[in-house]
Amino acid sequence: MECIINEEKHRKLTKENLVSRIKAEDWLYILDDINSERLYLILGKEKALLFDTGYGFCDYRPLIHEVTDLPLTVVCSHGHDDHVLGNYLFDKVYIAEEDYELCLAGDNEESKDRLIRSRYKKTPDIEEIIDRKAYMAMTIKNCDYKFVKAGDRFDLGGITLQVYPLPGHTKGSIGLYSPEKKAVFVGDALTSNHVVMYGKSGNAPAAPYLYYAALSAIQKLDIECIWPAHGDVPAGKELIAETKRLFENWAKEGDPEKDREKKGSVFGKTCRYTDPETNMTLAYNPRRLEEIHEFMLEHEGRME
Ligand SMILES: [Zn+2]
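So the sequence shown is numbered by numbering that gives the first Met the number 0: it starts at 0 and just counts up by one.
What follows is the structure, given as structure tokens:
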């Protein structure tokens, strides 16, 4: 699988390129948001769809209009602020109902200030570039929110995108699968080398066995390419099996005492398990490990 965006190679950020457009396929553009997150613009024959709206530090709509004038549907993979704060740029946004509250929870000065400061730390260039005052003033509350659920489909003309719930990273995380393109867009539910879930930042935890079962469900699909929101993109289908293995090993070997992070991470107090077999890491809240153990105890050692 050829890597289109490599996490290690970052561009120098300026006011003009906070969001940068990359053509991945004839039907697919990636909007790379401050070297951190990937939004996906999917072009069908009759409609276009934007998956996630990003940090919303700038108005990147011209980057969309330059390549398509088709009617645009906007869908969020989940409710975390780095995926939804660009919603103010659009009138109508689809999201899973389970993440609606989480989505609006980031829309206040305190959270936005925290988000900006955490980004300054990672990307000091942006401190000079971002219009902090305008960012504080914008709101995502006025969008018309529509809820999506398992089995819903967006027909773009020649490309359909089917909603697959991927609870785990947050309760309302979803993926979009296109059978025509054998591609799945996964938000933060799958990332090439680490999985972050069940941290404090999620408002309501999803049971870990639901995540495992959701991975098994998409594993049955005909997939050639996985498009995550962070890290190297794209990933191959083996990422699903690897993440399941990470999960199985974590359920056996995870130890909150050993895995506890010395300092609190941005995700709140979490533990971090590194799997020697897959070399992937899983950030988790100890309660989630207890849940999977309880579930397995009731189901003769099975995880789903
Ligand atoms: Zn997230």
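Cβ atoms here follow ideal geometry from the backbone N, Cα and C, with glycine treated the same way.
Since the structure is predicted, the reported quantities are computational estimates derived from the model, not experimental observations.
heavy atom of ligand 1 below 8 Å from T277 C-beta: no
Own chain residues within Cβ distance below 7 Å of E276, not counting five before or after: R244 and N248
Beta carbon shell of ligand 1 at less than 5 Å from a heavy atom: H79 and D187
Segment limits, beta strand (DSSP E) that includes R271: C270 to T273
Opposing strand residues paired with K91 [DSSP bridges]: D143
G43 - DSSP class collapsed to helix/strand/coil: coil
Reduced DSSP secondary structure (H/G/I, E/B, other) of G55: coil
Run of the beta strand (DSSP E) containing D31, from where it starts to where it stops: L27 to D32
Distance between I21 and Y28 (C-alpha atoms, nearest Å): 6 Å
Proximity to L84 [Cα-Cα], best of L69, F50 and I63: F50
Pair within 9 Å by beta-carbon distance, S172 and P166: yes
Which listed residue (R271, F294, R10 and M295) has its alpha carbon closest to that of P285: R271
Outcome for L296 when other beta-carbon atoms lying within 10 angstroms are tallied against a minimum of 16: exposed
Identity of the residue in A47, T280 and D151 nearest L174 by Cα: It is worth fixing the name first, because residue 174 is Gly in this sequence and not Leu. Looking at the Cα atoms, D151 is the closest of the given residues.
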